[in-house]
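Have a look at the structure below before the remarks.
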Amino acid sequence: MLLLERRPVDSQLMRWASPLLAMVLTVITGFILFLAMGKDPVEGLKFFFITPISDLIGLAELGLKMAPLLLCAAGLTVCYRAKLWNIGAEGHFLMGALGASIVAVQLGDASGFWVLPLVLLAGVLAGMLWAGIAAGLKTHLHCNEILTTIMLNYIALNLLLYTVHGPLKDPYGFGFPQSVMFGETALLPDLIPGTRLHLGLAFGLMAAVAVWVLFARSYIGFQLNVVGQDHRAAAFAGFGARRLTWFAFLVGGATAGLAGASEVTGPIGQLVPQVSPGYGYTAIIVVFLGRMHAIGIIAASALLALTFIGGEMLQIAMNMPKAVTGLFQGLLLFYLLTCDAFIRYRIRLKRLARQPIDSAAPAAPREA
Amino acid sequence: MTAALRLKLENIVKEYPGCRANDGIDLTVEAGEIHALLGENGAGKSTLMKVIYGVVQPDEGRMLWNGHPVIVDSPAQARSMGIGMVFQHFSLFETLTVAENIALGLSPAEARDRAELDRRITEVSERYGMALDPRRYVSSLSVGERQRVEIVRCLIQESTLLILDEPTSVLTPQEVADLFATLRQLAKEGCSILFISHKLEEVRALCHNATVLRQGRVSGDCRPADVSASDIARLMVGDDTPISTHVAAADPGNVLMQVRDLNWKSSDPFGTSLKHLKLDLRQGEIVGIAGVAGNGQDEFLKALSGEIKVARDSLLFGGLGIGALKPDQRRRLGMAIVPEERLGRGAVPAMTLAENALLTASGQGLVDRGLIRFGRVREFSRQVIRQFGVRCNGEDSIAASLSGGNLQKYIIGREALQNPRLLVASHPTWGVDVGSAVAIHEALVRLRDEGAAILLISEDLDELFQLCSRIGAICHGRLSPLAPTADLTIEQLGEWMAGGFDDGEVSYAVA
Amino acid sequence: MELLTNVLAATVVAGTPLLLVALGELVCERSGVLNLGQEGMMLMGAVAGFVAALSSGSLIVGVAAAILAGIAMSLLFAFMAVTLAANQYAAGLALTIFGTGLSAFLGAGFVGQSIVGFTRVAIPLLSEIPVIGRVLFDQDPLVYLSLMVFAGVAIFLRSTRGGLLLRAVGEDPEAANANGLKVLVVRYLAVAFGGGMAGLSGAYLSLAYTPLWTENMTAGRGWIALALVVFATWRPERVLLGAYLFGAASILHLVLQGLGWKSPTELLAMLPYLVTILMLVLLSWNPARTRLNTPLSLGQPFRPGR
């Protein structure tokens with residue numbers, strides 16, 4: 000019979016092979032899915048994975064979607080390495096967008112090079128504030144961070160909706176829920192002229208590098224690792240759990256807040272309700288797929304950015320529902336977790352125990 | 000083959016990836032016999048028990064039960080055959096009653112009549128001198144009482160072979176005597192008993208026969224009453240390992256640490272609170288605290304290490320009130336701690352030995368302005384490995400891959416190399432092979448001779464009597480008085496371990 | 000009085016989806032398994048129920064399809080979390096993301112379609128009682144089902160051998176295994192029950208509460224249910240109470256608007272989430288109390304026979 004047997008030592012090969020295997024399985028499932036829907040599977044896969052990045056504009060769009068994912072994932076990596084399950088990147092992103100927008104609208108057409116940094120800073124602080132709420136609830140009131148951050152995500156969304164329908168609504172916007180367009184000085188400069196790719200990607204890459212340094216070289220990164228792997232050892236060593244929790248959450252809030260601020264000062268240029276197609280949640284997948292490692296999350300954010308634009312392409316070219324993006328992302332994570340199990344376990348064919356010579360051995364009566 | 004042979008194991012082989020845990024083991028137990036199974040940790044005792052109890056299947060060999068060959072493929076089948084197992088770490092549910100716990104192990108038909116079950120429990124437990132109230136919640140029982148529940152459960156399931164895995168490690172000397180009386184009575188009535196232990200004097204007092212395992216094989220059979228403890232020890236460890244250390248007398252200096260009326264209330268309903276603890280520790284001496292697990296040792300250790308905060312002046316170190324300081328701050332003052340759990344507190348299992356050095360030794364110049372000096376970390380680890388004879392694949396070995404003894408040597412070495420002024424060690428040789436245990440004892444004595452103050456918390460009375468100049472006991476979170484070892488008897492210590500002392504007595508001054 | 004009765008009746012209706020999914024998760028968690036995938040399972044139940052009911056013309060078929068969809072999703076999770084002993088948090092999140100995506104995908108073609116959902120069925124005599132009659136005995140059939148499930152779960156946990164086994168496995172799977180209890184089987188069954196309830200809850204949303212399908216129509220109820228189970232210290236009676244409290248919180252903004260209070264919809268819509276946080280605070284701020292009631296092995300994977 001087939002048995003799942005624990006390996007004596009975790010398989011290093013599987014640790015790197017697992018994400019690749021998961022991607023292959025996702026592609027295969029996609030193939031079958033297209034077939035089942037009566038669409039040409041090869042065309043479908045081509046439109047999803049290849050066409051979107053086949054020219055410079057496409058690559059720029061990839062970078063555009065990569066930036067917020069990478070920023071959020073960098074912050075989440077810091078949290079997840081310490082097993083702080085911060086699901087709030089979406090909320091921090093939204094608050095970052097909100098904070099940046101409020102300042103940008105207030106400053107209007109002000110001129111000076113200080114406008115943009117101030118706007119971005121507002122976004123960062125807003126994200127940190129929102130993350131701080133969850134951190135405080137955890138360190139001082141022992142509330143589970145998964146639930147609090149998710150609740151805060153919904154609250155942040157509603158705050159954003161309220162603001163864009165109310166206080167920040169463009170009076171000349173024909174009643175649409177959107178803010179005024181931000182002034183020129185409050186917009187992110189382009190990285191590649193002629194495309195929409197902006198500085199946000201640079202922020203993302205810098206954040207990834209910072210995360211790498213944090214965990215490869217710094218003592219605080221080591222402490223975060225220990226907290227995540229063995230909280231009793233962390234307590235024994237005197238690595239303050241509270242201090243580290245605040246650090247991780249604030250970093251997470253700052254990066255996601257910056258991502259949100261970059262999105263409204265970059266491609267969108269104003270505050271709208273649909274500021275995030277779910278970047279904060281997709282970033283979670285990026286972290287797992289990227290093995291919580293700087294290089295990994297850069298590659299994974301590129302891949303997941305591709306699922307966004309691939310999904311859009313499929314919608315246009317083959318009339319598929321927009322939800323195909325979410326489906327592929329979900330499949331990817333799901334396969335990843337399953338393949339990850341094979342880091343720890345392997346399949347073995349086990350022969351059944353030998354047949355008993357006398358299987359009817361009676362229980363001996365107790366001697367008086 | 001007479002029918003009196005209850006259990007016979009022939010050539011049992013069980014292999015795991017990387018080691019042959021049981022390598023051709025033969026064992027016989029007669030009806031009414033108390034048979035000891037001895038061996039160090041890692042000798043193969045637990046694997047053999049798992050084979051007998053049906054938790055794992057042997058790769059080769061066979062088992063005969065009352066003369067018939069059998070295959071035991073699950074604990075449920077073992078139980079139905081009449082094999083009862085009392086585990087070292089009890090398998091009881093705290094939020095259920097005694098009767099509910101016992102009912103879980105019976106078939107639904109047997110367990111349906113609760114009143115009948117209650118009656119049987121009361122009858123059986125009283126018959127063997129282990130009175131139990133079936134309606135009490137297990138959470139309210141003492142460790143000794145919980146063990147009784149385990150034994151009564153086996154008796155109700157009409158076991159004819161009772162396997163006890165290290166049963167006395169959690170009992171006071173008086174409770175051990177009670178247990179032995181019960182076991183002798185059971186044996187007289189025809190029940191066979193397999194007694195797994197490493198406590199040689201107890202085995203000699205109780206058991207008719209003994210089988211000694213070493214490295215997966217039977218290294219000898221004997222009648223314990225006819226041989227000396229050191230003969231048995233030789234069978235356990237072979238001829239070339241030292242089995243004890245000679246410890247020279249201590250020469251204590253000034254008082255270094257004072258515990259003054261230390262109190263701490265546990266927020267865990269199942270935890271132990273600390274009450275009015277009082278203790279003086281001098282430089283250059285080893286003081287021992289005996290106690291059955293669960294009486295506050297862990298909490299006391301955490302209060303000393305800083306994992307638990309207490310009143311500032313209830314703990315004085317060199318005159319300084321440190322009760323509110325964090326662990327890393329206490330380390331900088333010269334305190335070192337060796338906790339009971341090596342994997343999962345003393346060391347992070349998945350990290351390398353070098354990384355684990357950073358856990359406590361960062362103050363040795365291993366971190367500079369927030370960045371880790373990897374070169375220095377590795378050098379430090381290599382030094383520990385060298386000086387303490389840690390068998391491993393270098394400083395990049397994963398902590399979990401080391402044997403218990405070697406990991407413990409590394410942990411002790413990590414602390415010792417920081418030249419601590421005070422070392423608190425909790426159960427440092429628990430589950431450690433004899434060779435490593437001797438090395439650890441020698442390391443502690445060396446530290447003592449260099450002027451460190453050492454507090455040794457342990458369940459191993461032999462260890463305490465061998466190493467310490469003063470010994471006391473902890474019970475229900477209270478500390479007994481401390482007496483000089485030379486003046487202390489096991490009986491007196493046993494009484495203290497059971498709580499037979501008044502609060503408020505000042506510890507004896509060292510002569 | 001009329002207003003009060005209507006508000007209470009609406010509270011029960013609004014609380015029912017929460018009650019169903021929370022009861023399911025309660026049983027699941029009592030076995031020691033934490034399933035964060037409620038949103039995914041509920042959405043799959045909602046879409047499966049809606050599509051099946053629409054295609055077959057029968058609401059019962061829809062409900063059955065929803066329950067099966069929930070169970071199927073939960074078994075995927077059980078495979079990862081129980082058999083493969085993977086990180087339960089990550090597996091649950093994966094289930095949520097996957098279920099959200101898959102349901103959106105499958106339901107894409109059905110957005111905007113409508114169906115005649117479950118209507119109220121008054122129980123003769125009992126529904127004539129003032130206030131209580133309308134609130135408890137004049138509701139749609141799924142509400143009655145939810146109350147029966149509540150009673151069933153409560154009795155099961157307290158008085159049956161099965162409940163005893165469940166509690167034992169949740170408290171200490173090692174000890175349970177040593178006692179010969181089949182830990183993995185018990186956990187699979189508990190997870191599947193949770194999945195079935197989540198599916199049923201989703202069906203309630205798409206077949207009774209608002210008989211239609213939209214993406215993400217659960218609006219976080221699955222997460223709120225998780226908090227609810229913690230808040231209720233894993234006891235069914237408290238889950239019932241909490242579910243209806245939530246129900247009240249979520250319709251509050253409608254009530255206030257009805258009363259003429261002018262308050263932006265979005266701010267009032269935050270209410271259930273704020274109340275959830277408050278609930279978590281009230282429960283969690285004293286860690287000793289939490290520990291007393293938590294199934295001890297919650298969230299820890301169980302690897303038998305090491």
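Protein chains in written order, with numbering that gives the first Met the number 0: chain Y, 0 to 367; chain W, 0 to 510; chain B, 0 to 305.
No residue lacks a Cβ here, since even glycine has one placed at the ideal position from N, Cα and C.
| message | Pop quiz: glutamine 177 of chain Y and glutamine 269 of chain Y are said to be a contact at Cβ under 8 Å. What is the actual Cβ separation, rounded to whole angstroms? | response | 6 Å
| Own chain partners of arginine 5 of chain Y with C-beta closer than 7 Å, once the 5 adjacent residues on each side are dropped | Arg343 and Tyr344
| task | For methionine 350 of chain W, decide whether its Cβ has a neighbour in chain Y, counting only Cβ atoms nearer than 8 Å. | result | yes
| query | Under 8 Å between C-beta atoms, does threonine 94 of chain W make it to chain B? | reply | yes
| request: Tell me whether tyrosine 15 of chain W is buried or exposed, calling it buried when 16 or more other Cβ atoms sit within 10 Å of its Cβ. | output: exposed
| Along the segment 79 to 90 of chain W, what residues have a CB closer than 9 Å to any CB found in chain B? | Met84, Phe86, His88, Phe89 and Ser90
| According to DSSP, residues forming a beta bridge with histidine 34 of chain W | W:Leu193 and W:Asn208
| query | Does phenylalanine 245 of chain B have its Cβ less than 8 Å from a Cβ in chain Y? | reply | no
| task | Following the continuous beta strand (DSSP E) through glutamate 14 of chain W, name the residue where it begins and the one where it ends. | result | 4 to 15
| Which two residues bound the contiguous alpha helix (DSSP H) that contains cysteine 474 of chain W? | That residue, cysteine 474 of chain W, is in no alpha helix (DSSP H); its beta strand (DSSP E) goes 469 to 474.
| Which residue's Cα is closest to the Cα of methionine 62 of chain W: W:Ser158, W:Glu306, W:Ile11 and W:Asp367? | W:Ile11
| field | Selection of the segment 175 to 205 of chain W by Cβ proximity to chain Y, strictly under 9 Å | value | Glu188, Gly189 and Cys190
| request: Pull up the distance between the alpha-carbon of phenylalanine 175 of chain Y and that of phenylalanine 109 of chain B, whole angstroms please. | output: 27 Å
| field | Cross-chain neighbours of proline 74 of chain W in chain B, by beta carbon under 7 Å | value | Ala177 and Gly179
| request: Could you tell me whether any Cβ in chain W is nearer than 8 Å to the Cβ of glutamine 228 of chain Y? | output: yes
| Distance between glycine 309 of chain Y and glycine 193 of chain Y (C-alpha atoms, nearest Å) | 21 Å
| query | When burial is assigned at 16 or more other CB atoms within 10 Å of the CB, is methionine 205 of chain Y buried or exposed? | reply | exposed
| request: Could you tell me whether the segment 117 to 126 of chain Y touches the segment 92 to 100 of chain Y, where touching means 3 or more Cβ pairs closer than 8 Å? | output: yes
| said: On the DSSP letters alone, give me the boundaries of the alpha helix (DSSP H) that serine 176 of chain B sits inside. | reply: Residue identity check: residue 176 of chain B is asparagine in the sequence provided, not serine. First-last of the alpha helix (DSSP H) with asparagine 176 of chain B: 172 to 177.
| message | Looking only at its chain, what residues have a beta carbon closer than 7 Å to the beta carbon of alanine 359 of chain Y, apart from the 5 residues adjacent to it on each side? | response | Confidence at alanine 359 of chain Y is low in this model, with a pLDDT of 37, below 50, so the placement of that residue should be treated as unreliable; the coordinate-derived value is given next. Closer than 7 Å at Cβ, skipping near neighbours: no residue.
| field | Secondary structure of serine 296 of chain B, DSSP reduced to three states | value | coil
| task | Could you tell me how far apart the beta carbons of isoleucine 470 of chain W and leucine 487 of chain W are, in whole angstroms, since I believe they sit closer than 8 Å? | result | 6 Å
| Quick one: does arginine 344 of chain W have its CB under 8 Å from some CB of chain Y? | yes
| query | Bridge partners of tyrosine 136 of chain W, per DSSP? | reply | W:Thr96
| field | isoleucine 336 of chain W and leucine 357 of chain W closer than 8 Å at C-beta | value | no
| task | With 8 Å as the threshold, decide whether the Cβ of methionine 0 of chain W is near any Cβ in chain B. | result | Summary for methionine 0 of chain W: the model assigns pLDDT 45, below 50, so the residue's position carries little reliability, and this model does not support an answer.
| query | chain W beta carbons: is any one of them nearer than 8 Å to that of arginine 216 of chain Y? | reply | yes
| field | Cβ contact (3+ pairs, closer than 8 Å) linking the segment 256 to 267 of chain B and the segment 225 to 236 of chain B | value | no
| Do leucine 20 of chain B and methionine 147 of chain B have their C-beta atoms within less than 8 Å of each other? | According to the sequence shown, residue 20 of chain B is valine rather than leucine. No, the Cβ-Cβ distance between valine 20 of chain B and methionine 147 of chain B is not below 8 Å.
| query | Secondary structure at glutamate 125 of chain W, three-state DSSP: helix, strand or coil? | reply | helix
| query | Comparing the C-beta of leucine 163 of chain B with each C-beta of chain W, is any distance below 8 Å? | reply | yes
| task | Report all residues from its chain with a CB closer than 7 Å to the CB of aspartate 164 of chain W; omit the five preceding and five following residues, and keep chain order. | result | Met48, Val85, Phe86, Gln87 and Ile195
| task | Assuming leucine 422 of chain W contacts alanine 451 of chain W (C-beta within less than 8 Å), just tell me the rounded distance between them. | result | 6 Å
| task | Report buried or exposed for phenylalanine 230 of chain B, applying the criterion of at least 16 other Cβ atoms within 10 angstroms of its Cβ. | result | buried
| task | Report all residues from its chain with a CB closer than 7 Å to the CB of glutamine 87 of chain B; omit the five preceding and five following residues, and keep chain order. | result | Val32, Leu33, Ala80, Gly298 and Pro300
| Grouping DSSP H, G and I as helix and E and B as strand, with all else coil, what is valine 258 of chain W? | strand
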